[in-house]
Amino acid sequence: MMEALGWGEAKDGQLGLGTDGIETIPVPQPVTALQGKQIEDIGCGQGHSVFVLKDGTVYSCGANEKGQLGHEKRQDQPEQILALETFIVNQVSCGQAHSVVVTDKGKALSWGQDDRGQCGLDLGDRVEKRKPRILKSISPHFVVQVACGSMHTLILTRGGKIFSWGDNQYGQLGMGDKGESSDKPVELKSLHGLPIVQIASGGFHCLTLTCSGTMFGWGKNNFGQLGLGDCERKVYPTLLKNMRNQKVQYISCGQDHSVMLTLEGGVFTCGLGADGQLGHNQHSNELNPRKVFEIMGKRVTQIACGRHHTLAFDASQGRLFSFGLGNCGQLGRSENVCQSHPVPSEVRGCWQSYPPKDNQVSICAIYTGGNHSFCLVSSRQNSVPPLDYREYPSQKRTSMLDDEFISRIVDSVFNEDIKKQIQDVFSSASCLNGSFLKKNNGHFGSSRQNHGVDLDVARAAFSKLHIAKAKVHFTCICSVMQTHLFPSLPSSPPDIEALRLYILLMEFPLHEDSKVPFPVETVTMLAKCLNNLKTTAAKVLLTWWSTFQPRHLKKVVNVYQRCVVEQLKAKQPMENIFLAMQVLKKLNTVNDENHEIIPFNFFYIANLGELLDLRHHFVIWFQKDPSVPFPFTFCDFPFVFDVLTKSQLFQVDALIQMQIAVDQTHQSNLYQLMVNQQPIGQLPYLVLHVDRKNIVSSTVRELAQVLPQDCKKPLKIVFQDEDAMDAGGVKKEFFMLIMKEILDPKYGMFTYYEESRFVWFNRTFFEDETMFHLVGILCGLAIYNHTIVSFPFPPLLYKKLLNRQTTLEDFKHLEPTVGKHLQTLLEYEGDDVEDVFCLSFEYSDTVFGTVQTRELIEGGSNIPVTSENKEKYVECLVNFMVDTSVEKQFNQFKSGFLHVCGGRALDFCHPDELQAMIVGDENYDWEEFEKVLFFFLLQSAVYKGEYWASHDTIKMFWKVFRELGLDLKKKFLVFLTGSDRVPIEGMRSLQPAFQPVKTGPNYYPVAHTCFNLLDLPQYKNEEELREKLLAAIAHAVTGFTIV
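In UniProt numbering, the protein residues as written are 1 to 1043.
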């Protein structure tokens, strides 16, 4: 059983003590009229008080000149408000002379002074209301909190909406300067979507608090009571930036001051301090919230603000502290009642005795307002745990989505009640933004780096909607979001916390294969909202994505990939598909800028070429102005193309350029014929006549005579004194020979790295640098003419060709050991880097037997590497090794490559994809390889002579082949094709074949690498075949190879 004690001003009977004529009660006294009654809540106005009992009945006492008591009975002790006896009331708030209660059904009723419209009844008469009346205009909403200022009122709904009405002289309604007052509740839309957990009103100012401790304030601010660092009134909610990371969990407002209670039990105050109500042992004002150090170390769990005084309850010791104005005894001290007290001092009451007595009581809750205060106490024998104001009771909480809610609706038969519960939550951005937050307070201080959502918990809960019986629930949720949620989302949310739903909803079971149709419209509408976000909000979302674990980012990508595919299948308008593609582009950018959280190829949309004509898209894209967003083509989003598709489009680009070059040749020939009466005879091909014995010099001579536009023509190779027609094999052999020769150490153009088996540009090459231009042209001609060239450059070459920044990780591919040492340097945590590593900003190398030292930065030889500059040293060294020291050589190579392959399709490529196009792919499936060979043999595509799929020799061969290790299988691929890589088109594009030869079993198999053809003698048994094949493989794997 709890008992109410009151103290402070009593002249109007507001303490309910029945002490008519007594103006002050300086020490807590029991409210005897309420003894035996269980009190749920107390509201304190300037001169009146309202008591809500646990059974829902309401009592009031005190001043009644404006009808604020709701009855005409005795004023000096609590009397029941009979007009409310048909309602079950659970909370109350009082203004200067008006009162508002909330019922268990979420209805709000008000009465009292209404000259500023503070009753919110929208009747237009502005006369006092002496009996409670329902606020009909907000009846459709379920009210969970009410907070009265002097002459204005705020309410918070279960859906997270805030409504305000009453006096607006200082902008305390939060809706700008829209008149001096309003008697109609109006939604405060500027806070739309924030997960609000509490509202508070002072004299003429307001504060609101989100579930993650973010505060907004508005209204009167002449003393800094809003905590914003200035004294300017705010007519719209304004963020308290300096309190975001303080983990505030409860707020209270006085007439001109404000108090905040944090998770750790700390207390901050700001505003008017003239009467000591801020508790800082001084009487000055505070424009920014300042911690009350005088009660540090105490575990404060309750705070309450009166007009000019403050109460704070320390739950650890059961002690109540007060500070501020005490002229009416409101501080609960018998001495010096007219003085102000700027230092928190203990309130003396019957709960206090040392040592504790058996009949001693303990405090359960505190309340204050005006110049009087109350507390609820219980006996130690029947002790009721004190309330913790940082924990909100269920009747005051907004709706939130959690595992229990999902389980409840899924396990229930779908009916109107379940439909209403779904609509309440999934129509509210506020509810969703406060759902599935990280435990252990990990959601506090939300920022660009911390969204505060536990995505794994959300995924587990949402997965319950994936079961068959939840189909109707799933459909209803999607419908509610489409109809109510998405149309309400603003392009400029009020705060970071209002963006959480954009990542939360991606854990909704949208992309799994199930009996539930994929909600294309739902995802498309969400994409539209996401794309409409203004720059600041959009950047926050992108940053959050950059912090995702791979499993979460994959989920988001999957959702929008599925959305694109389903819309393509349904022939949806391209404008809708464009919305989903824009989101994928943002995701891809985030992934690319954060070192690939997930592999770049995860963005590929499988079988896209089966759903649309990509060649047609390429032609439209090729012809349109890049600055014009429409017509939309998939070529604006090349990251969804797999490497095979990009290769095909690259070839389309090459064919277009080839055809343009050929057409120009024909037009030139026709023009010359008409003008000169004889054709000049330009060929529609680029024909190189080369000498096999002097292949480098002859190739250089030929290319020197080639006009730039001729490089865009199809390539044909003619070897001197040979009659072979170039149908592909001669061209392939040419590239094999020329690249093998150029890479020979005798030319000194490239340095071979034994450990990695890669080559890189020789930084000490002093001959004609245009030779590198030649190599670049040859490389470009190979890819341009669809010939795979396996030359041993590290992956960083392809990054540099595509203007990507190179890093230490790239350098490790070239020099693994050096890269490992540099990594060790970076990871070393000691402060003695200079003594341990003995490095300076210089690099030494041996050139023609002489050690040469180069400074990495100016004066580098005199700059030691330390723990402070080691990152810069590594960056400078890597930059020198792969960039600056070979800048001229590489630029010549790049200019030659782009001279041929500088088409727009090159920009489609990821470095790994460009590498695969040039040198082929090393990741392949050997079972597929074997199946491909069998496929062609069985189909009589390329086998010759008497061989066929079931021939004894063929069967023996495959049995031997299956028994080879992976390394030997790769060597066989080199033996057969000239490379251990395969074209990106896959194994099928190799078209390998066998043909019998009559040389006898004493001969070895012979491979014709230009045609992927194997001459296979007919051996007597497996042992003989194995011996000859292994010998042939071992003999073949030498030197430079190509396909």
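We put the beta carbon where it would ideally sit given N, CA and C, even for glycine.
Rounded to the nearest whole angstrom, the C-alpha separation of G193 and T475 is 23 Å.
Taking all protein chains in view, the Cβ of W948 is surrounded by fewer than 16 other Cβ atoms within 10 Å, so the residue is classified as exposed. Excluding residues up to 5 positions away in sequence, Q96, G370 lie with their Cβ nearer than 6 Å to the Cβ of Q46 in the same chain. At least 8 Å separates the beta-carbon of D967 from that of Q995. Note that the C-beta distance between D314 and R299 is below 8 Å. Taking C-beta separations shorter than 6 Å and ignoring five residues to either side along the sequence, the partners of D710 in its chain run L686, following chain order. At least 8 Å separates the beta-carbon of N433 from that of E507.
Contact annotation: the stretch 616-623 does not touch the stretch 580-593, with fewer than three C-beta pairs closer than 8 Å.
Of the residues assessed, G62 falls on the buried side of the cut-off, its CB having 16 or more other CB atoms within 10 angstroms. Taking C-alpha positions only, T57 is separated from L17 by approximately 19 Å. Rounded to the nearest angstrom, the gap between the Cα atoms of N558 and L568 is 15 Å. A direct Cα-Cα distance of roughly 8 Å separates T547 from N450.
Taking P631 as the centre and dropping the five residues before and after it, the same chain places the C-beta of M574, I620, K624 closer than 8 Å to its C-beta, in chain order. Relative to A429, the option among E1024, L501, F374 whose CA is nearest is L501. Along the stretch 786-810, the alpha helix (DSSP H) occurs as fully enclosed runs of 4 or more residues at 796-801, listed in sequence order. Annotated as distal: M739 and L797, with beta-carbon spacing of 8 Å or more. The distance from the Cβ of E65 to that of K73 is about 15 Å, inconsistent with a contact at the 8 Å cut-off. The C-alpha of D167 lies about 29 Å from the C-alpha of C431. In this structure, DSSP gives C779 a helical state, which the three-state scheme calls helix. Close CB contacts of R448 within its chain, under the 6 Å cut and outside five residues either way in sequence, are with V540, T543 (chain order). Excluding its 5 nearest sequence neighbours in each direction, V640 has C-beta neighbours in its own chain below 8 Å: Q561, V564, M581, L584, F603, Y604, I605, L608, F634, listed in chain order. Q14 places its beta carbon less than 8 Å from that of S49. Ranked by how close their Cα comes to the Cα of P490, the residues H466, L526, D912 have L526 in first place.
Note on geometry: alpha-carbon atoms of L814 and L808 lie some 10 Å from one another. By the neighbour-count criterion, in which 16 or more other beta carbons inside 10 Å mark a residue as buried, V472 falls on the exposed side.
In its chain, beyond the 5 residues on either side, M1, M2, L53, K54, D55 have a beta carbon closer than 8 Å to the beta carbon of Q38. Cβ neighbours of K396 within its own chain (closer than 6 Å, five residues either side excluded): V144, Q145.
Per the DSSP secondary-structure output, L109 pairs in a beta bridge with V101, I134. The beta carbon of L320 sits closer than 8 Å to the beta carbons of L311, A312, F313, D314, G332, E346, V347, G349, W351, I363, I366, C375 from its chain, once the five residues preceding and following it are set aside; these are given in chain order. For Q582, the enclosing alpha helix (DSSP H) has its first and last residue at 574-593. Taking a 10 Å sphere around the C-beta of V127, we find fewer than 16 other C-beta atoms and assign the residue as exposed. Here K959 is exposed. Its C-beta has fewer than 16 other C-beta atoms within 10 Å.
Contact fails between the stretch 816-834 and the stretch 847-861, because fewer than three Cβ pairs, one in each stretch, are under 8 Å apart. By DSSP's assignment, E79 forms a beta bridge with S60.
Partner residues in a beta bridge of I418, as assigned by DSSP, do not exist.
Along the stretch 712-781, the alpha helix (DSSP H) occurs as fully enclosed runs of 4 or more residues at 729-742, listed in sequence order.
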